[in-house]
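There are 2 protein chains.
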Amino acid sequence: MTRFDPSDALYVDLYQLTMAQAYLRSGQIAEATFSLFVRNLPPDRGFLLFAGLEDVLKYLEELRFTSGDLDYLRSTGQFGDDFIEYLARFRFTGSVRAMDEGTAFFANEPMIEVTAPVIEGQIVETFLINQVNMASLFATKAARVVKAAGGTGVADFAARRTHGTDAGNKFARSSYIGGFVGTSNVGAGARYGISTIGTMAHSFITSFDSELTAFRAYADAFPDSATLLVDTYDTVNGIEAAVTVAHELESRGSRLVGIRLDSGDIDFLSRIARRMLDDASLGYVQIVASGGLDEFSIEALAKSGAPIGAYGVGTLAGVSADAPWSDAAYKQVTYDGRPVAKFSPGKATFPGPKQVWRCFDAGNGMVAHDHLTSADADSPEPNATTLLHVVMRGGTVTGDLLSLGQVRDRARMELGRLPESVLELTRPTSVPVRVSDELLASSPDREKI
Amino acid sequence: MTRFDPSDALYVDLYQLTMAQAYLRSGQIAEATFSLFVRNLPPDRGFLLFAGLEDVLKYLEELRFTSGDLDYLRSTGQFGDDFIEYLARFRFTGSVRAMDEGTAFFANEPMIEVTAPVIEGQIVETFLINQVNMASLFATKAARVVKAAGGTGVADFAARRTHGTDAGNKFARSSYIGGFVGTSNVGAGARYGISTIGTMAHSFITSFDSELTAFRAYADAFPDSATLLVDTYDTVNGIEAAVTVAHELESRGSRLVGIRLDSGDIDFLSRIARRMLDDASLGYVQIVASGGLDEFSIEALAKSGAPIGAYGVGTLAGVSADAPWSDAAYKQVTYDGRPVAKFSPGKATFPGPKQVWRCFDAGNGMVAHDHLTSADADSPEPNATTLLHVVMRGGTVTGDLLSLGQVRDRARMELGRLPESVLELTRPTSVPVRVSDELLASSPDREKI
């Protein structure tokens, strides 16, 4: 079984620690800057929504090696007492510049830049890439689903199929940023203050002698918040039983909230259900659709006008199934004030700290293009807006971060200013990122970038 | 920011708790059995390796609602004092039958069956599906990579690109079960006792004035365990610098372990590197390849005879990129001793607890077919082996579970007994699962299954 529970400080690739020991021993401990960016957008993505900063900053503020962590590292025989003592005193003391969460970003644009003594900046790489890559993929996937749903509410039902519990919790948060209205994940609701949403499972129905008995038991327990799952046996019979219970609730002054369809031809069944409910004077009972939905199937339902009042979306969004990874990278761009870069084919980087500038079309207010410049460059054109600003100094968060609600508003505003062609679900365009002449000249190997 | 840290007990879909309250209030609290299985194998999977049981059993043993959890639930206004008091005393008291971790399984075969008072069996659904689905997908993906590598060692470099830290840790464990030799994830090494493996990052090289200076600093810190990354600037120059450092280490009685190629035409560069190393009498220095590798690219390298001594595999394995999800389900199959099932189109289930029997070809010892029967059925044929056995009674693990090393051995044995056609990386066959006549007759809707 598990030996002990290491802290998040050990969520680190071994080489971060071996390099750190080598840095320490060679006296190579000056300040360095690292940029977190994606080299290319994933397939069928014209943008990504930045998310994960809150967790990154919390991690940086709280990062400590516990005595258990240190005992383990000592036991491996790879690390000397000098280095273990260094880790025992370790605090992240650096500064961070970042985009606001909810900001749309494009290839090669840093979302985060970390400046710190090189060991501190290096050790945090694994966690930072992990969290930002995941959260940004999730927020973006959710925004696609919300776009497809065209105004109908979408809820997160992914907790059972995400890759682990961290992903399940972060998907709830990121999908809320991307525009979902709530989550089935109770812990995420508690953690982030997101509305929790739920109906019932097939097993609840099968526990009882009949579907009608099960519906009545549930409606007794939740007379004002019940959504009944109608497809366990025969969907039309299930809808009829739900109508019966809805009328029983009315006679007691309550209202059935909805019915849920989780299988079969959702488009066809939703129309039958709507007509049966309307014929029974239950126009207020909404139809919830779920079961293997994603932005593509929801777009088809929305375009055909299926009378669906809410979607529950799980697996395919919760693993970002069509784009489960990005090539997010965290690269050193200065050491001791000197701009540095790698030249590896296909992976070359621009040296030095950066600024990202966003420029809008004066006519329609939409995003026109971005500029990527060195951090200290002048504004490349009038009315360009800077996206990177200081969020941490000396290892402490500076000022207030956006609340989760503000991040969600920010994302909605960002999406509203992206051209339709960038938002397309398949083969979108992206926003041009103009690299400054200064950066191009400083890149030792620009044709490989 | 985060409000509070809920326990794993709140890693639960809201409907588990609302159904539980409805069960409690309607007195519907008899014992039920639930089966965890996948309805269909993912694309290009002829089998899945079962993993995640250890975490499931630990969760079941330790499952408690904390006072913080209960305060949150009370604050939602959805739950009555009766139910909150029930949760305050909640313990999982049921029994579990399961396959051994490392066992190969196929569509419709339960890997886990839980028998418990219905509320207890229901509340654990979200966590159980989440952990087993993830771990089994990961172990299977790793087994595919190991097969492709054909005897060359493969290490887990995925920590930065998995969906969160839980996935990163579980990928380290599951990939070890699937045959990986170690992980770069230090915390997973500590947690599971897996060997940790690491080289160096490009940023280490770019911190120094020259590649040679960086290599020397690293070799000074790790004279007997250094693997030098040679592609930061020009790969051939990098190999030359590594040769210089290897000879310097020899003069001090140490040996360079390896060099790492992380970009470019790995096949071509590995041959150049091997010749340069051999020409310098450094036949013992191994070549490590990494950078966007998966079972398909590794199979190509192995088939072409590229002289690679070890692979580091990250992103594409760590998100199981070609199959990031399965349709794992957890379905009620009995209530109060009565077999139950759902009939939803495409999602119908066989009622009752099950047994899975494995039958081998008497000639070559390979897996021939499985039988799926009711739990109390007689052996369907001579020499059939049962795969489900009791691992928990009264909420307590019975006896010793397999150690992680034993699980890894079990997986290797299992893979060795699967026909080559089942192991194919693309368009594999699967193993026939013969459903007993008794089960077929008991399914109310067999043609939909």
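For the protein sequence lines, the chains are Y and R, in the order given.
Residue 1140 is where the first sequence ends in our numbering, and the numbering goes up by one at each step.
Residue 1140 is where the second sequence ends in our numbering, and the numbering goes up by one at each step.
Virtual Cβ for every residue (Gly too), placed ideally from N, Cα, C.
The structure displayed is predicted, hence computed values, not measured ones.
In the three-state reduction of the DSSP assignment, Thr926(R) falls in the helix class. For Arg851(R), the nearest CB of chain Y lies under 7 Å from its own CB, placing it at the interface with that chain. Against chain Y, the CB of Leu701(R) has a partner CB under 7 Å away; the residue lies at that interface.
Looking at Gly1037(Y), Asp956(Y), Thr1040(Y) and Pro1073(Y), the one whose alpha-carbon comes closest to that of Ala1053(Y) is Pro1073(Y). According to the DSSP secondary-structure assignment, Val1058(R) is paired through a beta bridge with Phe1051(R). Residue-level contact by beta carbon holds for Gln719(Y) and chain R, with a gap shorter than 7 Å.
Per DSSP, reduced to three states, the secondary structure at Ala1014(Y) is coil, with no helix or strand assignment.
Counting only the Cα atoms, Ala700(Y) lies some 21 Å from Pro697(R). Note that the C-beta distance between Thr817(R) and Arg907(Y) is not below 7 Å.
With contacts defined by Cβ atoms closer than 7 Å, Ala830(Y) and Phe871(Y) do not form a contacting pair.
Bounds of the beta strand (DSSP E) holding Phe728(Y) are Glu722 to Val729. According to DSSP, residue pairing for Arg1029(R) in a beta bridge involves Tyr1026(R).
For Leu919(Y), the enclosing beta strand (DSSP E) stretches over residues Thr918 to Leu920.
If you check each beta-carbon in the stretch 792–812 of chain R against every beta-carbon of chain Y, the ones closer than 9 Å belong to Val809 and Gly812. If you check each beta-carbon in the stretch 935–969 of chain R against every beta-carbon of chain Y, the ones closer than 8 Å belong to Asp953, Ser954 and Gly955. Per the coordinates, the alpha-carbon of Asp791(R) lies some 20 Å from the alpha-carbon of Arg882(R). Spanning the alpha carbons of Val948(Y) and Ala713(R) requires a straight line of approximately 16 Å. Within the DSSP secondary-structure output, Tyr1021(Y) pairs in a beta bridge with Leu727(Y).
Proximity of Tyr867(R) to chain Y, defined by a Cβ-Cβ separation below 7 Å, is not satisfied. Note that the C-beta distance between Ala863(Y) and Asp847(Y) is below 7 Å. Counting every other CB atom within 10 Å of its CB across the protein chains shown gives Glu800(R) a total of 16 or more, marking it as buried. In chain R, no part has a C-beta under 8 Å from the C-beta of Pro1044(Y); the shortest such distance is about 14 Å. Taking 7 Å as the threshold, the shortest C-beta distance from Ile820(R) to chain Y falls below it. With a cutoff of 7 Å on beta-carbon distance, Leu705(Y) and Thr887(R) are scored as near each other. Straight through space, the alpha carbons of Glu722(R) and Asp1018(Y) are spaced by roughly 48 Å. In the DSSP annotation of this structure, Ser1094(R) is not part of any beta strand (DSSP E), being labelled neither H nor E. Under the three-state reduction of DSSP, Phe1034(Y) is assigned to coil, being neither helix nor strand. Proximity to Phe738(Y) across Leu708(Y), His1080(Y), Ser827(Y) and Gln813(Y) peaks at Ser827(Y), based on C-alpha coordinates. It is roughly 38 Å from the alpha-carbon of Phe770(Y) to the alpha-carbon of Glu1105(R). Taken through DSSP and simplified to helix, strand or coil, Leu1116(Y) comes out as coil.
Comparing alpha carbon positions, the residue from Glu804(R), Gly793(R), Ile720(R) and Gly1037(R) closest to Asp956(Y) is Gly1037(R). When DSSP states are grouped into helix, strand and coil, His854(Y) belongs to the coil group. DSSP places Val872(R) outside both helix and strand once states are collapsed to three, so it counts as coil. Close to Met891(Y), with beta-carbon spacing below 9 Å, are these residues of chain R in chain order: Tyr706, Thr709, Met710 and Ala713.
For Phe741(Y), no Cβ of chain R is located within less than 7 Å of the residue's own Cβ.
Contact between Thr918(Y) and Ile868(Y) fails: their C-beta atoms lie close to 25 Å from each other, not under 8 Å.
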